[in-house]
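**Q** The numbering used here numbers the first residue of the sequence shown as 534 and each following residue consecutively. Pasting a structure here, questions to come.
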Amino acid sequence: MKPLRLIVLMLIWTSCQQQNEAPKAMESFSKDSVVLAKMIDAREQAMIQKDISSAIDQFAEDVTWINSQGYFFKGKEEVKKFHFMLSGNDTLDYYYEGGKPLIRVMDQNNALAYYSWKMFWFRKENPADTTFKEIGLMTLNAQKFDGTWKWNAITNQHTPWFYQEIIPLTVD
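Following this line, the structure appears as structure tokens:
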């Protein structure tokens, strides 16, 4: 009978330990969400200021990027060239805005982030002349490397509308 009691007590103790770890994990996920949201905000500001180097610092060396036209870029250097191409156009400039991100922390080292964005292109000599309006949804996969979050896979897709905030829909 004593071995059975010991087993029951160990099971109870083990289950209590797991319950105590859950709030710690939630607190960690909450902190990670804030860090990732700040990274997205910093990226938005970098795109507005055309400070591409700051935006690129957030990417992992082996990052992959699929832009809204479906072009695939592999590696930090190629993604950097793509961004410099956007910001260094001779005749066109852009207005950029990002919506509020939706962050989904998967575990202690993996997360997904979604946010709406818009990029309105205009002629440098006449900023009132908007030539092309791009609106889309960005999906970013993040991994934590040595305690630091890095974007490692990004996909963009065009959408008909800009969403200031992403709200899950339900189908009736």
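Even glycine gets a Cβ: it sits at the ideal position worked out from N, Cα and C.
1. State the beta-bridge partners of D623 as determined by DSSP.
2. What are the boundary residues of the beta strand (DSSP E) that S649 is part of?
3. Who are F562's beta bridge partners in DSSP?
4. Tell me whether V638 sits in a helix, a strand or coil according to DSSP, three-state version.
5. Tell me whether the stretch 671–678 and the stretch 643–650 touch, counting them as touching only if at least three CB pairs, one residue from each stretch, are closer than 8 Å.
6. Can you give me the Cβ contacts of T692 inside the same chain, cut-off strictly under 8 Å, excluding the 5 residues immediately before and after it?
7. What three-state label does DSSP hand Y696 in the structure shown?
8. Using the Cα positions of I599 and K609, report the straight-line distance between them to the nearest angstrom.
9. Can you tell me whether L702 is helix, strand or coil according to DSSP?
10. Identify, in the order they occur along the chain, each residue of the same chain with its Cβ nearer than 6 Å to the Cβ of D623, setting aside the five sequence neighbours on each side.
11. Excluding sequence positions up to five away, which residues of its chain have a Cβ less than 6 Å from the Cβ of K666?
12. Could you tell me if I700 is buried or exposed, where buried requires 16 or more neighbouring beta carbons within 10 angstroms of its beta carbon?
13. Quick one: residues in its chain with C-beta nearer than 7 Å to the C-beta of A588, no 5 flanking neighbours on either side, listed in chain order?
14. Would a C-beta distance cut-off of 8 Å place F562 and V638 closer than the cut-off?
15. So which of L625, F605, N685 has the shortest CA-CA distance to R656?
16. Between A555 and the rest of its own chain, which residues show a CB-CB distance below 6 Å, the 5 nearest in sequence each way excluded?
**A** Put simply:
1. DSSP, once it has assigned bridges, lists no residue as partnering D623.
2. 643–656
3. The partner list for F562 (beta bridge, DSSP) is empty, contrary to what the question assumes.
4. strand
5. yes
6. S649, I668, G669, L670
7. coil
8. 13 Å
9. coil
10. none
11. F653
12. exposed
13. R576, A579, M580, H616
14. yes
15. L625
16. Residue confidence is low: A555 scores 49 on pLDDT, short of 50, so the model does not pin down where it sits. Its coordinate-derived value is still stated next. Nothing meets the Cβ criterion.
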